[in-house]
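Take a look at the structure below.
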Amino acid sequence: MMRSFPISLPVVIAVFAAAFASAQEADRHLAGRLEMVRGQIEDRGISDNRVLEAMRKVPRHLFVPENLRSRAYNDGPLPIGEGQTISQPYIVALMTQSLGLTPADSVLEIGTGSGYQAAVLAEVAGQVFTVEIKEALHHRSNRILHSRYPENVHTRLGDGYYGWQQQAPFDAIMITAAVDHIPPPLIGQLKEGGRLILPLGNPFSYQNLVLVTRQNDETTVKQITGVLFVPLTGFALTRGK
Amino acid sequence: MALIAVFLISLSSLAFEVLLTRVFAINQWNHLSFMVIGIALLGFAAGGTWLSLLDAKGGRWEQRLSAEPSMAVIVVLYVFSTIFAFLSLNALPLDYFRLPLEPIQGIYLLLAFVILTLPFFFAGMWLAVAFAAFPAKTGSVYFASMAGSACGAALPALLLPLWEEGRLIVITALVPLVVIPPAIYRKPAAASEPAIVSRSHHRFIAAASVLILIAGGLLLRPGSRHWLSVEPSPYKSLSQALRLPDTHVTRTHQDIAARIDEIASPYIRFAPGLSLKYRGALPEQRAVFRDGDSRLVLYEDLNTETADFARYTLSYAGYHLVPAPAEVLIVQGDGGVAVACALASGAGSITLVEKNPVVAARLAAQYPLSVYAGNFREYLQRFDRQFDVIHVENWGTSLAGSAALDQHYDFTRDSFARYLAHLKTGGVLILSRNLQLPPSDSLRMWATAYQALADLGVDRPGAHLLMLRNWDTYTLIVFRSSPPAGSADISEFIEERNFDLVYSEPVQRHQVNRYAVYDQPFYHIEIMRLYQAFQTEQTDLLLKDYPLDIAVQSDNRPFPSRFIKWHRLPQLYQSTGSRLYYLLMSGEVVVAVVLAEAIAVSMLLLGLPALVIRKKYRPLTAGRFFYFLSVGAGFMFIELFFIKQFVLVFGHPTVSFTVAAAGMLIFSAIGGLLSQRLPAPALPASIVLLVVFLALTMVFCHGLLIRITDGSMMWKVAASLALLAPSAVMAGIPFAAGMRTLLQQPVNRTQAWTANGCASILASIVSVQVALTLGISFIMLAAIGFYIIALVCSYGNRGGLLLRLSR
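These protein sequences, in sequence, are chains A and B. For the first sequence, counting from 1, position 206 maps to 605 in the numbering used here; every step adds exactly one. For the second sequence, counting from 1, position 445 maps to 449 in the numbering used here; every step adds exactly one.
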């Protein structure tokens with residue numbers, strides 16, 4: 400027993416050191432997350448407690464490339480490879496809140512990307528169906544989503560333009576990919592009273608969010624301004640003088 | 005041999021500079037390609053500074069460096085650094101978008117700048133050596149340099165259709181190596197100075213040359229394409245599309261104007277402005293990309309039935325008001341939905357005008373329509389036809405600010421006048437664009453149309469305008485003659501498709517902000533403010549107060565995507581969420597950053613010898629310093645004036661650059677040769693004559709260019725060259741004659757070279773901002789101003805006229 404002491408001691412120390420470092424890192428990420436929710440999201444007017452709780456809970460740093468993890472809780476979008484981005488935390492919270500989800504709702508997300516938005520939706524809605532057309536992104540996000548949300552997140556590699564007909568209709572649809580028109584099949588897969596949301600502009604400079612509501616086979620579109628731009632009209636215009 | 009080396013290095017380095025602008029245009033964004041001019045000039049100026057530092061060591065350095073073996077070393081270093089710079093740039097994981105996020109990207113960017121400067125440094129060094137070592141042949145050196153540069157500017161235009169950008173860079177880089185064998189194997193003249201390398205080292209120079217040739221050969225063989233292939237930025241739409249499954253490039257063509265890639269994919273679905281009420285499918289599509297972006301879709305089997313979806317697009321509103329138009333003209337930019345609209349309307353005759361000949365040929369192969377390859381002003385001037393509908397389809401950039409520097413004549417007040425002049429009675433002009441928030445582009449287009457109608461003497465211009473929008477696009481309709489009788493018809497169209505009215509006269513308030521609802525009807529409010537301003541003749545006040553620059557653009561200031569007001573930048577910064585990276589996406593902000601860097605680097609290059617050498621430093625007199633500074637700035641301003649003016653004639657900035665740069669260089673080379681015979685006292689007179697030519701050019705250039713836009717390509721090139729020839733010949737004299745008659749010491753010539761180079765860098769950057777804010781003609785005014793300064797400085801031997809007067 401005594402003879403093995405000199406060998407096992409460094410091993411034990413190393414294990415403890417690694418565990419300590421890991422715990423410290425986890426603490427640092429948690430602190431970053433809490434600060435993110437307070438400073439970037441609550442202060443900007445997001446008030447839905449369930450959305451705020453989801454943003455506090457989902458470890459955003461696990462969804463970004465390793466070399467950018469230290470910036471995971473910064474106030475901005477981050478590149479995730481394949482020319483794609485993970486949205487700014489505030490945009491994720493605003494889009495989620497704008498859908499007005501309940502735990503009974505089923506949501507379709509077009510464009511899984513990093514998987515972070517799907518994870519936040521999974522904390523707020525009942526069932527989340529998410530479609531990604533790019534294979535590399537699908538496999539990457541699939542791994543983490545299935546390990547954390549095996550019950551209520553369903554991923555698929557495929558063309559989101561046609562939605563997910565087998566699981567339709569949906570209470571809400573979120574499009575996170577760039578589109579120049581809202582695919583007609585998606586409108587058809589919305590429940591009566593269902594909501595569809597999409598951001599406008601480049602992922603690095605979203606200007607606006609568009610919320611489509613389907614009611615009596617009519618659609619209305621609400622532009623949620625102030626995502627990035629404060630419209631320079633009216634009050635803002637005179638204030639600048 | 006020295007003059008041949010000057011010629012070949014000038015040719016090769018100018019070709020590299022032009023090809024680098026193509027590389028940047030493809031793998032980054034257009035406004036970054038603008039920085040290449042700065043990098044090149046910086047390298048040239050640095051070469052001069054290095055020689056000034058060398059002067060402190062004494063020992064007739066200019067003779068030692070100009071010896072043929074020394075020249076061979078510089079040539080080898082130039083060739084190696086050019087190929088190395090391109091390969092490094094291609095391999096560097098530089099991602100402009102990550103710059104504000106990852107500090108390492110700043111290092112990559114700096115590395116790219118330093119590496120790219122190296123070839124120009126060696127090229128500039130050899131040119132400065134030649135000027136310093138052969139004072140009696142200054143005119144010949146200048147001629148060889150300018151003639152070589154002219155050939156280098158023209159070469160990519162001729163060879164790019166044969167070899168892609170990377171291959172051509174390697175081929176043109178290798179060209180100067182032809183001077184190596186005679187340089188190292190020819191017996192030196194008995195009285196010549198020893199070279200910086202002994203003749204025993206010649207075999208190393210020869211070995212290095214052979215190794216570079218072998219490496220070049222290996223790079224050029226078909227199997228090593230990936231080393232030289234220039235890939236578009238991952239954020240460009242081509243890269244995005246190619247990540248989709250079953251998507252591949254079916255053909256690629258590159259020339260000096262653009263790289264054109266066509267892709268086939270089951271996932272291309274383009275229908276901007278499509279109503280949410282539409283439930284059908286879209287036809288299959290292919291897509292053509294210019295420089296990896298600016299997508300144009302081609303619908304498969306398009307006919308009246310398959311184009312039915314187009315009836316549900318916002319752009320179709322114009323066709324709804326002019327049912328079954330007999331003659332339609334489509335001015336094609338990016339997009340492609342205009343063809344579908346015209347076909348769905350049952351138009352009798354459809355003519356497409358597309359600037360790029362390759363894309364025009366593709367459109368002609370896709371659709372059984374009349375397709376004209378050229379710009380629309382040339383078409384309208386050549387074929388004096390009248391149309392029921394003129395549809396200008398150009399959606400604009402999705403990346404706000406990235407097109408700020410793009411010079412476009414499709415949306416100037418002068419162009420609107422031409423559109424309207426070619427409409428039949430009852431005809432309409434349709435403009436389809438992306439909506440931007442804060443309202444900017446839509447306001448500018450509305451104001452431009454209003455102004456063009458007022459220019460035509462229309463009584464109530466506001467009554468001839470109609471603007472509609474959906475959630476992300478708008479359509480402006482301009483009526484040539486009387487306002488439409490069927491406004492009820494358009495109400496029905498809007499209702500059925502759930503579109504919103506932005507402006508009409510009288511205003512139908514119940515149709516404003518109804519289906520795509522903002523907190524307030526921002527677009528309507530701002531256009532009504534604009535309308536009121538026009539009514540009360542307070543437009544200037546409104547344009548001054550508005551936080552963005554939405555002024556009507558003219559042929560003299562054709563930058564329709566430029567909106568920044570510098571004194572309102574803090575407000576814009578705050579309104580965009582205080583994000584620096586957002587501002588850095590604007591081409592105009594990049595120009596400002598580059599200018600700040602260029603000022604710092606220029607001061608360093610000019611001041612470094614004085615700081616390092618101190619006591620032994622033999623500086624230029626103030627008069628001589630400002631003379632060469634002014635001549636450098638003046639020359640660059642003239643060149644950029646012609647480059648920008650010729651875009652109107654040739655339709656593309658790179659073609660315009662090639663013609664203007666080649667013309668300026670070849671004619672100023674002739675001026676340089678003429679300067680050999682010019683006696684020193686005649687120098688001021690030659691500058692006075694130049695200023696007169698410049699003033700005449702500034703006044704008459706635009707009017708003359710408009711007259712040649714409808715000619716053949718040969719005619720346009722010949723006429724453009726004839727227009728710039730007098731100014732260019734005279735502009736070639738001040739530098740060459742000044743070097744010969746005003747300077748005695750070799751080191752002063754290298755200092756003059758550096759001053760000239762630094763002034764050129766700054767002028768090339770400043771001219772962009774001058775054109776954006778004041779207009780292109782002001783660039784020529786700046787040139788005139790600098791040559792007047794040079795004139796003042798050219799008097800006397802020491803301090804110039806000002807100094808003499810002060811005494």
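Glycine included, every Cβ here is placed at the ideal spot set by N, Cα and C.
At a cut-off of 8 Å between C-beta atoms, K590(A) does not count as an interface residue with respect to chain B. By the criterion of a C-beta distance shorter than 7 Å, F420(B) is surrounded in its chain by T452, A453, A456, once the five residues flanking it on both sides are discounted. In this structure, the straight-line span from the alpha carbon of A684(B) to that of L746(B) is close to 8 Å. In the three-state reduction of the DSSP assignment, R437(B) falls in the strand class.
Around the beta carbon of N466(A), fewer than 16 other beta carbons lie within 10 angstroms, which makes this residue exposed.
Membership of P613(B) in the alpha helix (DSSP H) is indicated by the continuous run 591–617. In the displayed model, I647(B) falls within a helix according to three-state DSSP. Between Y527(B) and V506(B), the gap from beta carbon to beta carbon is short of 8 Å. As DSSP reads the structure, P478(A) sits in a beta bridge with T484(A). In its chain, beyond the 5 residues on either side, I532 have a beta carbon closer than 7 Å to the beta carbon of D558(A).
Residues of the stretch 465–499 of chain B whose Cβ lies closer than 7 Å to any Cβ of chain A, in chain order: W475, D476.
Close partners of Y320(B) in chain A (Cβ separation under 8 Å) are lacking, with about 14 Å as the shortest Cβ gap. Residues of the stretch 513–540 of chain B with a Cβ closer than 8 Å to any Cβ of chain A, in chain order: Y519, A520, V521, Y522, D523, Q524, F526, I529, E530.
Bounds of the alpha helix (DSSP H) holding E21(B) are 6–31.
With a cutoff of 8 Å on beta-carbon distance, S237(B) and N31(B) are scored as near each other. When rounded, the separation of the alpha-carbon atoms in Q385(B) and L778(B) is 28 Å. The DSSP assignment places complete beta strand (DSSP E) segments of no fewer than 3 residues inside the stretch 434–510 of chain B at 469–473, 477–483, 504–507, in order along the chain.
In the structure shown, R555(A) adopts extended strand secondary structure according to DSSP, grouped into three states. Sorting P738(B), L727(B), H656(B), E643(B) by C-alpha distance to the C-alpha of A689(B) places P738(B) at the top.
Contact annotation for L447(B) against chain A: no contact, minimum CB-CB distance about 11 Å [criterion: below 7 Å]. Closest option to S144(B), judged by alpha-carbon separation, among L46(B), Q680(B), A723(B): Q680(B). Within chain B, the residues whose beta carbon sits less than 7 Å from that of T618(A) are L280, N502, listed in sequence order. Distance from the CA of V635(B) to the CA of L766(B), rounded to the nearest whole angstrom, comes to 13 Å. Identification of residues in the stretch 223–238 of chain B having a C-beta nearer than 9 Å to some C-beta of chain A yields S237, P238, given in sequence order. Here DSSP, grouped into helix, strand and coil, assigns K281(B) to coil. H252(B) is classed as exposed because its beta carbon has fewer than 16 other beta carbons within 10 Å across all chains shown. With contact defined as three or more Cβ pairs closer than 8 Å, the stretch 513–528 of chain A and the stretch 589–599 of chain A are not in contact.
The three-state reading of DSSP puts L610(A) in strand, counting E and B together. Using a 10 angstroms sphere on the CB of G510(A), the tally of other CB atoms reaches 16 or more, which defines it as buried. Scanning S716(B), I769(B), L300(B) for the CA closest to the CA of G42(B) turns up I769(B). Ranked by Cα distance from Q566(A), the first of D579(A), I581(A), E617(A), V552(A) is V552(A).
Checking the DSSP bridge columns, you'll see E169(B) has no partner listed. Residues of the same chain with a CB within less than 7 Å of the CB of V40(B), apart from the 5 flanking positions on each side, are E21, L24, T25, F28 in chain order. G562(A) and H428(A) have their alpha carbons spaced roughly 35 Å apart. Contact residues of the stretch 552–584 of chain A toward chain B are D558, Y560, A577, D579, H580, I581, P582, P583 (C-beta to C-beta distance below 8 Å). For V375(B), there is no enclosing alpha helix (DSSP H); the enclosing beta strand (DSSP E) has its first and last residue at 374–377.
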